[in-house]
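*Asks:* All the letters of the sequence shown, read from the start, carry residue numbers 2 to 231 under the numbering used here.
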Amino acid sequence: MNKDRAVKIIHEAMRRGHKTLSEYESKQVLAAYDIPVTKEILLKDKNHLEKAVAKIGYPLVMKGCSPEIAHKTEKGLIHVDIRNIKEAKKAFNEIMAGLKGVDGGVLVQEMIKGRRELVMGMTRDAQFGPCVMFGLGGIFTEILKDISFRRAPLKKRNALDMMKEIRGHKILDAVRGMEAADKIILADMLINVGRIGMEIPEVSEIDLNPVIIYKSKPVVVDALIVLEKA
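(1) Less than 8 Å between the CB atoms is what I'm expecting for proline 68 and valine 221, so what's the real figure, rounded?
(2) Looking only at its own chain, which residues have a Cβ that is under 7 Å from the Cβ of asparagine 3, when we skip the five neighbours before and after it?
(3) For the alpha helix (DSSP H) that contains tyrosine 215, what are its first and last residues?
(4) Do the segment 104-120 and the segment 193-203 make contact, defined as three or more Cβ pairs closer than 8 Å?
(5) In three-state DSSP terms, what is threonine 39?
(6) Check whether the segment 89-103 and the segment 46-57 touch, using three or more Cβ-Cβ pairs below 8 Å as the test.
(7) Kindly indicate which residue of Lys114, Ala175, Gly130 and Arg151 has the alpha-carbon position closest to the one of proline 211.
(8) Grouping DSSP H, G and I as helix and E and B as strand, with all else coil, what is arginine 117?
(9) Helix, strand or coil: which one does DSSP assign to arginine 168?
(10) Assuming isoleucine 192 contacts lysine 157 under a Cβ cut-off of 8 Å, what Cβ separation, rounded to an integer in Å, is found between them?
(11) Could you check whether the Cβ of asparagine 48 sits closer than 6 Å to any heavy atom belonging to the ligand GTP?
(12) Does the separation of the CB atoms of leucine 43 and tyrosine 25 fall below 7 Å?
(13) Assign glutamine 128 to one of two classes, buried (16 or more other C-beta atoms within 10 Å of its C-beta) or exposed (fewer than that).
(14) DSSP puts histidine 80 in a beta bridge; with which residues?
(15) Under a Cβ-count criterion, where at least 16 other Cβ atoms within 10 Å of its own Cβ denotes burial, should glutamate 143 be classed as buried or exposed?
(16) Taking the alpha-carbon positions, what's the alanine 231 to methionine 123 distance?
(17) Any C-beta of chain B sitting closer than 7 Å to the C-beta of lysine 218?
(18) Between which two residues does the beta strand (DSSP E) harbouring arginine 152 extend?
(19) Give me the Cα-Cα distance between aspartate 5 and leucine 31, rounded to the nearest whole angstrom.
(20) Use the C-beta contact count for glycine 136: other C-beta atoms within 10 angstroms, 16 or more gives buried, fewer gives exposed.
Encoded structure:
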């Protein structure tokens with residue numbers, strides 16, 4: 002746990018006048034709180050692409066990354082299942098062109114495969130303070146609205162109860178050849194999301210969607226942290 006590192010990232014973004022963190026910055030804050038995130042490298046120079054690709058390994062996901070862009074899919078800034086350097090170079094060129102002068106770069110990211118997608122988050126309620134959210138994630142989050150909430154700080158039993166409360170809770174069990182999700186790791190993630198809300202008042206909102214279950218382990222694949230003045 003490295004609160005100081007997380008605070009430094011946030012204060013640097015605020016000094017630049019940003020109201021949100023980029024995906025890369027958001028995940029750095031999460032990693033500082035021991036929340037598992039995808040292995041990734043942020044690039045602005047194509048000359049470093051081959052070295053980054055060798056470090057991350059195929060298959061890759063490549064994304065446009067900037068605090069000014071929240072919805073990358075609609076803007077064509079996400080390329081998935083990249084399997085060779087030719088595809089990687091093409092994706093890099095197309096993403097940089099799509100950024101159109103926006104301050105940002107290309108995120109070279111490991112491709113996490115899993116059929117189960119979850120959502121986690123934190124909102125700062127005017128009455129109750131930081132509240133942690135958990136539910137079914139992916140592209141159907143808004144449609145299904147299968148989520149539960151708890152006021153931070155959370156204890157392990159609170160986090161485990163949140164998992165039981167969603168209608169689709171059986172998705173966390175061993176099902177159709179898939180291993181049971183590691184609920185202890187999930188609980189720790191929820192506790193630490195709440196901890197960020199409690200310890201860093203500049204964070205007004207956290208949105209982790211999707212959190213993909215790879216084999217049994219949850220990994221944050223996309224993240225957004227929204228800031229406000231303390």
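Where is the CB? At the ideal position from N, CA and C, for every residue including glycine.
*Replies:* Looking at the coordinates:
(1) The pair is not a contact, with the Cβ atoms about 17 Å apart (cut-off 8 Å).
(2) Sequence-distant Cβ neighbours of asparagine 3 in its own chain, meaning closer than 7 Å and more than five residues away, are Ala33.
(3) According to the DSSP assignment, tyrosine 215 belongs to no alpha helix (DSSP H) but to the beta strand (DSSP E) extending over 204-215.
(4) Touching, no, given that fewer than three Cβ pairs across the two stretches are closer than 8 Å.
(5) Threonine 39 falls in the coil class under three-state DSSP.
(6) By the C-beta criterion, the segment 89-103 is judged to be in contact with the segment 46-57, since at least 3 inter-stretch pairs fall below 8 Å.
(7) Selection Lys114, Ala175, Gly130 and Arg151 evaluated against proline 211 yields Lys114 as nearest (Cα-Cα).
(8) DSSP places arginine 117 in strand when its eight states are reduced to three.
(9) If DSSP states are grouped into helix, strand and coil, arginine 168 belongs with coil.
(10) In this structure isoleucine 192 touches lysine 157 by the C-beta definition: roughly 7 Å separates them, less than 8 Å.
(11) The ligand GTP is not among the ligands present in this structure, which contains no ligands whatsoever.
(12) Yes; because the gap between Cβ atoms is below 7 Å, this pair is in contact.
(13) That one is exposed.
(14) Beta-bridge partners of histidine 80 (DSSP): Met63.
(15) Residue burial is scored here from C-beta neighbours: glutamate 143 has fewer than 16 other C-beta atoms within 10 angstroms and is therefore classed as exposed.
(16) With a pLDDT of 47 at alanine 231, under the threshold of 50, the modelled position of that residue is not reliable, and the figure given next carries that caveat. Their backbone Cα atoms lie some 16 Å apart in a straight line.
(17) You won't find chain B in this structure, because it holds only one protein chain.
(18) Its beta strand (DSSP E) spans residues 148-152.
(19) Per the coordinates, the alpha-carbon of aspartate 5 lies some 12 Å from the alpha-carbon of leucine 31.
(20) When all chains shown are included, glycine 136 counts as buried.
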